[in-house]
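Each residue of the sequence shown is one higher than the last, beginning at 279 in our numbering. Don't be surprised by glycine CBs; every beta carbon is placed ideally from N, CA and C. Worksheet for the structure shown next.
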Amino acid sequence: MPGVDCEETPLLGKTKLTSIPWSQVLVILFLLLAEPFTSHIISPFAPELIREIGITHGNESHVGYYVGMLQSSFFLSEAVGVFFWGRLSDRIGRKPVILLGLAGMSVSSLWFGLSKSFASFILSRCLCGVMTTLIFRISDTSKIWGCMPLSWTLGATLGPIVGGYLFRPAVQYPRIFGDFQFFKTYPYFLPCAIPPMFCAIAWVAVFYLLKETVKSPVPISHIFRVKSQQREASRGTPLRLVLNSRVIISVGHYAFVALIEVAYRAIQPLFFATPIDFGGLGLSPPSIGNLLAGAGALTGILQLLFFSSIHRRWGSKATFVNGLIGSLPMFFTFPIAHLLVGMYGFNRLLWVFIVLQSIMSFGYGLSFGAIFMYINAAAPDRASLDDDKPKHEYLGGNLVYCVFFVMTCIGVVATNYLLPQKVWNQP
Numbered sequence: 279m280p281g282v283d284c285e286e287t288p289l290l291g292k293t294k295l296t297s298i299p300w301s302q303v304l305v306i307l308f309l310l311l312a313e314p315f316t317s318h319i320i321s322p323f324a325p326e327l328i329r330e331i332g333i334t335h336g337n338e339s340h341v342g343y344y345v346g347m348l349q350s351s352f353f354l355s356e357a358v359g360v361f362f363w364g365r366l367s368d369r370i371g372r373k374p375v376i377l378l379g380l381a382g383m384s385v386s387s388l389w390f391g392l393s394k395s396f397a398s399f400i401l402s403r404c405l406c407g408v409m410t411t412l413i414f415r416i417s418d419t420s421k422i423w424g425c426m427p428l429s430w431t432l433g434a435t436l437g438p439i440v441g442g443y444l445f446r447p448a449v450q451y452p453r454i455f456g457d458f459q460f461f462k463t464y465p466y467f468l469p470c471a472i473p474p475m476f477c478a479i480a481w482v483a484v485f486y487l488l489k490e491t492v493k494s495p496v497p498i499s500h501i502f503r504v505k506s507q508q509r510e511a512s513r514g515t516p517l518r519l520v521l522n523s524r525v526i527i528s529v530g531h532y533a534f535v536a537l538i539e540v541a542y543r544a545i546q547p548l549f550f551a552t553p554i555d556f557g558g559l560g561l562s563p564p565s566i567g568n569l570l571a572g573a574g575a576l577t578g579i580l581q582l583l584f585f586s587s588i589h590r591r592w593g594s595k596a597t598f599v600n601g602l603i604g605s606l607p608m609f610f611t612f613p614i615a616h617l618l619v620g621m622y623g624f625n626r627l628l629w630v631f632i633v634l635q636s637i638m639s640f641g642y643g644l645s646f647g648a649i650f651m652y653i654n655a656a657a658p659d660r661a662s663l664d665d666d667k668p669k670h671e672y673l674g675g676n677l678v679y680c681v682f683f684v685m686t687c688i689g690v691v692a693t694n695y696l697l698p699q700k701v702w703n704q705p
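Encoded structure:
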């Protein structure tokens, strides 16, 4: 009845603020650290790794291409596995699949640290991406959309610190690791051994603290039985019904922002590591780790302090649009920073530009937090939530920054026409 809906809606909105199960939320947010922590741990040393294995044959202009392949294999594998693991978790429960994902992440991370060829590195990253999907996509996050960017930022802060300070331990810390031939043979193993420790803690937390949200999960031993399949076929919403205009619009905007943000996260460490003669800053991996960690910490603090108040004042659509607009100048800080290094060296003005770049990237956190709310409101029911989610040649090597600037402009224009002013069903 329309009248009842209007009376109940604000009451339900108020009770959500006082009924959040924080013990469960904290476990979930801890789990959500897994994806950014694992994906960003290789960022400080990825360019050096590519140079070392010799796949570029000394051609510095090819380093970015192979670093991009290494980074994209992780997220491509996530995209491939999301539907399968989401459906499986609907049948056997969240906890078994999450526990399996944590175990798989540990194996894939250790595999990466022991790899010596590009093919092996790619395969290990693919496995890690598939396993991370089990954790990131199936967690029940309907009440914590605004906290998810903060969790991502924290993981993106810790990952570069670990990667930058622990790679090549025999060289960086000769007094401790200099006598261990193992760390000379496998210089990237030590940072890759940290995610399994994280996964072990998370595994215990999930096993003992996380409550199962799937009612009457199918026993794993019965998963392939016909009756179980028939019973589970009635659960959730069919995919053809999920793909309505609201879902397509909200998920499309999310995918657009994610594309630009992930690309930015991949370009940033590559820019820091590329020699000055090739358009970068020529920084060492520990310095890169410090910069990435500092940028992540700064955006995380901004997200924690300002997202809620900004969203309350502007609303979801304005928050999303203004977040994109605020990030527009960020793409021009790359060529400007390179120009400053060439003219004045590493002076204070350069670091000011890098800090400004981090502040501008806060716009992504605003856009992500806002679009998550659209996705949550667009899903037909709770069961369907798991289903919607070159060389130095052109423009002096700055074409990539112009491309992402134009893409962001397109996103701003499209948002004004496609997203409603208020979230669907919001009073």
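Classify ASP368 as buried or exposed, calling it buried when 16 or more other Cβ atoms lie within 10 Å of its own Cβ.
Counting Cβ neighbours within 10 Å, ASP368 comes out buried, since at least 16 surround it.
Where do the N-terminal and C-terminal ends of the alpha helix (DSSP H) with ALA596 fall, by residue?
Where ALA596 is concerned, the enclosing alpha helix (DSSP H) stretches over 594-605.
Could you work out which residue in SER351, LEU561, SER645 is closest to HIS616 when comparing CA atoms only?
Among SER351, LEU561, SER645, the Cα nearest to that of HIS616 belongs to LEU561.
Compare the C-alpha of SER586 against each of LEU307, GLY574, TYR532, PHE646 and name the closest.
Answer by Cα proximity: PHE646.
Relative to the alpha-carbon of SER317, which residue among LEU366, PRO465, SER386, VAL360 has its alpha-carbon at the smallest distance?
Out of LEU366, PRO465, SER386, VAL360, SER386 has the C-alpha closest to the C-alpha of SER317.
If I follow the unbroken alpha helix (DSSP H) through ASP368, where does it start and stop?
Residues 341-370.
Looking at MET651 and PRO607, is the spacing between their C-beta atoms short of 8 Å?
Taking 8 Å as the Cβ cut-off, PRO607 and MET651 do not qualify as a contacting pair.
Alpha carbon to alpha carbon, how far is ALA471 from TRP592?
Taking the straight line from one Cα to the other gives about 43 Å.
Please look up how many angstroms separate the CB atoms of GLY391 and TYR443, rounded, as I've assumed it's under 8 Å.
Between TYR443 and GLY391 the Cβ distance is about 15 Å, and since that is not below 8 Å, they are no contact.
Counting along the chain, where does the alpha helix (DSSP H) carrying ASN337 start and finish?
Here ASN337 belongs to no alpha helix (DSSP H), and DSSP marks it neither H nor E.
In the DSSP assignment, the alpha helix (DSSP H) including SER301 goes from what residue to what residue?
Looking at the DSSP string, the run of the alpha helix (DSSP H) that includes SER301 is 300-310.
Which first and last residues belong to the alpha helix (DSSP H) in which GLU539 is found?
Unbroken alpha helix (DSSP H) run through GLU539: 523-551.
Let me know the secondary structure DSSP gives ILE320 once reduced to three states.
Correct three-state label for ILE320: coil.
Sort PHE631, PRO374, ALA575, VAL540 by Cα distance to PHE353 and report the nearest one.
It is VAL540.
Within a Cβ cutoff of 8 Å, which residues of the same chain sit near ILE614, ignoring the five residues on either side of it in sequence?
Excluding residues within five positions, the ones whose Cβ falls inside 8 Å are PHE631.
So, do the segment 550-560 and the segment 347-361 have three or more beta carbon pairs nearer to each other than 8 Å?
In short, these stretches do not touch, since the Cβ pair count stays below three.
Would you kindly report the start and end of the unbroken alpha helix (DSSP H) that includes PHE650?
First-last of the alpha helix (DSSP H) with PHE650: 626-656.
Report all residues from its chain with a CB closer than 6 Å to the CB of ARG509; omit the five preceding and five following residues, and keep chain order.
Because ARG509 carries a pLDDT of 48, less than 50, the predicted location of this residue cannot be relied on, and no value is offered for it.
Start and end of the alpha helix (DSSP H) containing ARG446?
ARG446 -> no alpha helix (DSSP H), and no H or E assigned at all.
Using alpha carbons as the reference points, say which of ILE554, GLY643, LEU569 lies closest to VAL619.
Of ILE554, GLY643, LEU569, the residue nearest in Cα terms is ILE554.
Using a threshold of 8 Å, state whether the C-beta atoms of SER321 and GLY437 are closer than that.
In contact: SER321 and GLY437 (Cβ atoms closer than 8 Å).
Residue range of the alpha helix (DSSP H) that ALA615 falls in?
Here the alpha helix (DSSP H) through ALA615 covers 611-622.
Which residue's Cα is closest to the Cα of SER565: LEU580, PHE556, LEU548, ILE579?
When only C-alpha atoms are compared, the closest one is LEU548.
Do you know whose CA, among LEU432, TRP430, THR431, LEU468, lies nearest PHE445's CA?
Of LEU432, TRP430, THR431, LEU468, the residue nearest in Cα terms is LEU468.
For VAL449, does the count of other Cβ atoms within 10 angstroms reach 16, so buried, or fall short, so exposed?
It counts as exposed.
In the DSSP assignment, the alpha helix (DSSP H) including LYS462 goes from what residue to what residue?
459-463 is the extent of the alpha helix (DSSP H) around LYS462.
By Cβ distance below 6 Å, which residues in the same chain neighbour VAL305 in space, the five residues on each side in sequence not counted?
Taken in chain order, the residues that qualify are ALA483, LEU487, LEU488.
Taking 6 Å as the limit between beta carbons, can you name the residues of its chain near CYS477, skipping five residues before and five after?
Excluding residues within five positions, the ones whose Cβ falls inside 6 Å are LEU380, MET383, SER384.
Please report the distance separating the alpha-carbon of TYR451 from that of PHE461.
Answer to the nearest angstrom: the Cα atoms are 11 Å apart.
Return yes when the Cβ of TYR642 is within less than 8 Å of the Cβ of VAL535, no when it is not.
Cβ distance < 8 Å, so VAL535 and TYR642 count as in contact.
Is ALA434 closer than 8 Å to PRO314 when the C-beta atoms are compared?
Going by C-beta atoms, PRO314 is nearer than 8 Å to ALA434.
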